[in-house]
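Top to bottom, those sequences are chains A and B.
According to the working numbering, the first sequence is numbered sequentially starting from 1344.
According to the working numbering, the second sequence is numbered sequentially starting from 1344.
2 protein chains.
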Amino acid sequence: MSDLKHKILHLVQNDLDKIEVALKENLNPHIDIVSKIASHILFSGGKRLRPLLMVLSSRICDYDSNDYHTLSVIFEYLHAATLLHDDLVDEASLRRGQPVANLIWDNPTAVLAGDFLLARSLSIAAQTNRPDVIKTVAQITEYMSQGEIYQLMRRGSLDLDEEEYMEIIKCKTAVLFQGACRVGALIADTSYKKEEELSKYGFNLGIAFQMADDLLDYTLNTTTLGKEVGADLKEGKLTLPVIYSLKAAGARDRSQMQQIITNKAFSLKDFKLLIHMIHKHGGQKYTQDQAAIYVRNAKEALKIFKDSKTKQALLMLADYALVRKA
Amino acid sequence: MSDLKHKILHLVQNDLDKIEVALKENLNPHIDIVSKIASHILFSGGKRLRPLLMVLSSRICDYDSNDYHTLSVIFEYLHAATLLHDDLVDEASLRRGQPVANLIWDNPTAVLAGDFLLARSLSIAAQTNRPDVIKTVAQITEYMSQGEIYQLMRRGSLDLDEEEYMEIIKCKTAVLFQGACRVGALIADTSYKKEEELSKYGFNLGIAFQMADDLLDYTLNTTTLGKEVGADLKEGKLTLPVIYSLKAAGARDRSQMQQIITNKAFSLKDFKLLIHMIHKHGGQKYTQDQAAIYVRNAKEALKIFKDSKTKQALLMLADYALVRKA
Chain A
1344 MSDLKHKILH LVQNDLDKIE VALKENLNPH IDIVSKIASH ILFSGGKRLR
1394 PLLMVLSSRI CDYDSNDYHT LSVIFEYLHA ATLLHDDLVD EASLRRGQPV
1444 ANLIWDNPTA VLAGDFLLAR SLSIAAQTNR PDVIKTVAQI TEYMSQGEIY
1494 QLMRRGSLDL DEEEYMEIIK CKTAVLFQGA CRVGALIADT SYKKEEELSK
1544 YGFNLGIAFQ MADDLLDYTL NTTTLGKEVG ADLKEGKLTL PVIYSLKAAG
1594 ARDRSQMQQI ITNKAFSLKD FKLLIHMIHK HGGQKYTQDQ AAIYVRNAKE
1644 ALKIFKDSKT KQALLMLADY ALVRKA
Chain B
1344 MSDLKHKILH LVQNDLDKIE VALKENLNPH IDIVSKIASH ILFSGGKRLR
1394 PLLMVLSSRI CDYDSNDYHT LSVIFEYLHA ATLLHDDLVD EASLRRGQPV
1444 ANLIWDNPTA VLAGDFLLAR SLSIAAQTNR PDVIKTVAQI TEYMSQGEIY
1494 QLMRRGSLDL DEEEYMEIIK CKTAVLFQGA CRVGALIADT SYKKEEELSK
1544 YGFNLGIAFQ MADDLLDYTL NTTTLGKEVG ADLKEGKLTL PVIYSLKAAG
1594 ARDRSQMQQI ITNKAFSLKD FKLLIHMIHK HGGQKYTQDQ AAIYVRNAKE
1644 ALKIFKDSKT KQALLMLADY ALVRKA
């Protein structure tokens, strides 16, 4: 385990334990099978980053409560619901190193279990009796579904540009991170300024996190990643490393890259060549640099808060987005 | 058009027109394709019964407002979202006489468009700033997804009993009708007693409506129905007419019925024989009688309200559940 990860865990282990308990206790389905499917996706080794962001955002606003871990599960349930629907979309066969739910059960069952988790998130949000919290959660789901649809519609398109990529990852990932932080601030009844800065932190972290995730897809270490080699590419998803490199490359290299990208049955050798091209034309460095900028912005947003263990944890989480290997 | 339908339309045409406008105005997707898919399912000739129930429930509590038609779209969006996910589940090829969305687009797109409609419903609910309204809407979605999953898990099971059937149609249909009526009462800030009675009306109407719907599947008139002959049966869904008849029949007839039911490639002749059996063993009459009891209960619940055009419309809608042909 990296030193940074170790330090973070030291600061948040207690929260992670409470989040784990809350995830189990709040599932609450009337029907056994729902519990089984939801558990399959929920308890297969997620990082619980999103609920953790909510809890830390609350605490940095001097809010401490016994029930915010309960509320935080909203953001893991939402995430899990998207994974269930996304696996169907992606026709992926591995997720976190395990077969995806729609290969164990069938597509419809996985879809309905996703619906249940979505509904459960919104019910838990509704229990707060706070329209601002509920609105935030409802809007997250609107953005996420639209981001996924946009990505799906542009699947396989070689002309997807950076602007479109940014729009997709904003909807798909950043809005959820942002929402988790915002809800943390809202339940702490903090100032509007602090709410905005925490939201900014979450949004920028989300963007950086997704960029780093997209870079990881162009490594060959499938053990730590728990998914197939070149999974994004096989699903026709163009991400920043490729988008940038395609644009930067000359006609010959571009054509070669395009051939690999459009051939869904690309070999490991092809894939290695593509990774080489991404390095050669700066796609890897550009993505890393961009992610670093967003991490810097995220950390900047925390300036308003005085130093504390909670602030340290949030700062380290931002750094971790850049260096994580899985 | 039947005389009853004509009378109802005369009373509610103005509301239906306003609901139609609100359905278009509130879709509000950021991405074109979302609007296209959602429109395909939303504007292919639905009855708008659920939003209408909300509006009439408000009005019978003496609430009149310019914006309740907007709020009422929640219940049509929720309904449409379920249809989009349900079509995937059902592998049906026709819905309201048109090809289902997942045959025009693909499964993932239809699922994501359903997610968007679900999220949109909850956003509109959140805009009311009323936790009671939002909770009701969130709970509806929880019940619906669980009802669908339960139905799916028991698909093809010949031993599904009446109690399980009731549980399924409660979750799938009645809770949405009930919720529409309850939200109508809630925004009217009426008495708890009136809220409860309207909810009872909605719940009972929903049950009756679903029973009548399930009976319609055992008619041969696919033109008015807009779906395939024996669609429920092909999807392995046992409904009350069949459940009752299987239980009432002697060993020989039961065995013959079971053979038809388990053979998904049953012929029209087989299906006609099954309909004959359902008549012979009382499944049709029993379902009709049960639906009539729920309609009576629904109408009973309105006793608390003084006579008005709105009350007339709600009473007639209850009667219509029994006689409708599509």
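All C-beta atoms, glycine included, are put in the ideal place defined by N, C-alpha and C.
Inter-residue Cα distance where the pair is residue i and residue j
| i | j | result |
| --- | --- | --- |
| LEU1568/B | LEU1559/B | Any reading at LEU1568/B must be qualified, since the residue scores a pLDDT of 49, below 50, and its modelled position is unreliable; no value is offered. |
| VAL1480/A | LYS1646/A | 26 Å |
| PHE1546/A | ARG1595/A | 38 Å |
| ASN1606/B | ALA1574/A | 40 Å |
| VAL1398/A | HIS1422/A | 16 Å |
| ASP1405/B | TYR1411/B | 13 Å |
| LYS1390/B | ILE1417/A | 34 Å |
| ASN1640/B | SER1466/B | 33 Å |
| THR1471/A | GLY1626/B | 46 Å |
| HIS1353/A | ASN1369/A | 26 Å |
| GLU1419/B | HIS1349/A | 50 Å |
| GLN1510/B | ILE1492/B | Just to set this straight, residue 1510/B is Glu in the shown sequence, not Gln. When rounded, the distance between both Cα atoms is 12 Å. |
| TYR1561/A | ILE1621/A | 9 Å |
| GLN1489/B | SER1400/A | 33 Å |
| THR1533/A | TYR1486/A | 25 Å |
| THR1452/B | SER1408/B | 36 Å |
| GLN1494/B | ASN1371/A | 19 Å |
| ILE1351/A | ALA1591/A | 37 Å |
| ASP1557/A | SER1598/A | 22 Å |
| LEU1611/A | HIS1619/A | 12 Å |
| SER1415/B | ALA1462/B | 15 Å |
| LYS1649/B | ARG1402/B | 12 Å |
| GLY1549/A | ARG1667/A | 14 Å |
| THR1413/A | PRO1474/A | 18 Å |
Contacts of residue i in chain A (Cβ-Cβ under 9 Å)
| i | result |
| --- | --- |
| THR1533/B | The contacting residues do not exist; THR1533/B stays about 20 Å from chain A at best. |
| PHE1520/B | None at all; the shortest Cβ gap to chain A is about 17 Å. |
| ILE1674/B | Because chain B is modelled from 1344 through 1669, residue 1674/B falls outside the range shown and cannot be assessed. |
| ASP1575/B | Under the 9 Å cutoff, chain A gives no residues; its nearest Cβ is about 15 Å from ASP1575/B. |
Interface partners of residue i on chain B, CB under 9 Å
| i | result |
| --- | --- |
| PRO1394/A | By Cβ distance, chain B contributes nothing, its closest Cβ being about 19 Å from PRO1394/A, past 9 Å. |
Cross-chain neighbours of residue i in chain B, by beta carbon under 7 Å
| i | result |
| --- | --- |
| GLN1655/A | Those do not exist, as GLN1655/A stays about 34 Å from chain B at its closest Cβ, beyond 7 Å. |
| VAL1377/A | GLN1489 and ILE1492 |
| HIS1422/A | Simply none; closest approach about 14 Å. |
Same chain only: Cβ atoms within 8 Å of residue i, ignoring 5 sequence neighbours per side
| i | result |
| --- | --- |
| GLN1553/B | ILE1512, LYS1515, THR1516 and ALA1517 |
| LEU1665/A | ALA1551, ALA1555, GLN1631, ALA1634, ALA1635 and VAL1638 |
| GLN1601/B | LEU1501 and LEU1589 |
| LYS1652/B | LEU1354 |
| ASN1357/B | none |
Cross-chain neighbours of residue i in chain A, by beta carbon under 7 Å
| i | result |
| --- | --- |
| VAL1364/B | The premise fails here: VAL1364/B is roughly 21 Å from chain A at the closest Cβ pair, so nothing lies under 7 Å. |
| LEU1495/B | PRO1451, THR1452 and LEU1455 |
| GLN1482/B | SER1466 |
Residues of its chain near residue i, where Cβ-Cβ distance is below 6 Å and the 5 sequence neighbours each way are ignored
| i | result |
| --- | --- |
| ALA1644/B | GLU1540, LYS1543 and TYR1544 |
| GLY1457/B | ALA1424, LEU1427 and HIS1428 |
| ILE1603/A | PHE1609, ASP1613 and LEU1617 |
| ILE1483/B | VAL1518, LEU1519 and GLY1522 |
| LYS1642/A | LEU1658 and ALA1661 |
Residue i CB to nearest heavy atom of the ligand NAP below 7 Å
| i | result |
| --- | --- |
| GLY1490/B | The ligand content of the structure shown is nil, which means the ligand NAP is not present either. |
Partner residues on chain A for residue i, Cβ-Cβ distance less than 8 Å
| i | result |
| --- | --- |
| ASN1472/B | PRO1474 |
| PRO1372/B | GLN1489 |
| ILE1478/B | Reading off the sequence, residue 1478/B comes out as Lys, not Ile. Simply SER1466, ALA1469 and GLN1470. |
| PHE1459/B | GLU1485, SER1488, GLN1489 and ILE1492 |
Neighbouring residues, chain B, relative to residue i (Cβ below 8 Å)
| i | result |
| --- | --- |
| ARG1463/A | GLU1485 |
Sequence-distant residues of the same chain with beta carbon closer than 7 Å to residue i, five excluded per side
| i | result |
| --- | --- |
| ASP1662/B | LEU1347 and VAL1638 |
| LYS1536/B | ILE1647 |
| ALA1468/B | ILE1417, VAL1476, ILE1477 and VAL1480 |
| ARG1497/B | LEU1503 and GLU1507 |
| THR1566/A | In this prediction, THR1566/A has a pLDDT of 49, which is less than 50 and means its spatial position is unreliable; nothing more can be read from the coordinates. |
| LYS1628/A | none |
| GLY1499/B | GLY1579 |
Integer-rounded CB distance, given that residue j should sit under 8 Å from residue i
| i | j | result |
| --- | --- | --- |
| ALA1381/B | LEU1460/B | 6 Å |
| LEU1359/B | LEU1385/B | Rounded, the Cβ-Cβ distance is 14 Å, inconsistent with contact. |
| ARG1393/A | ALA1523/A | 5 Å |
| GLU1538/A | ARG1525/A | 6 Å |
| ILE1362/A | LEU1395/A | 7 Å |
| VAL1454/A | VAL1454/B | 5 Å |
**Prompt:** Can you find at least 3 beta carbon pairs, one from the segment 1652–1662 of chain A and one from the segment 1572–1591 of chain A, that sit closer than 8 Å?
**Reply:** Result no; under three Cβ-Cβ pairs closer than 8 Å.
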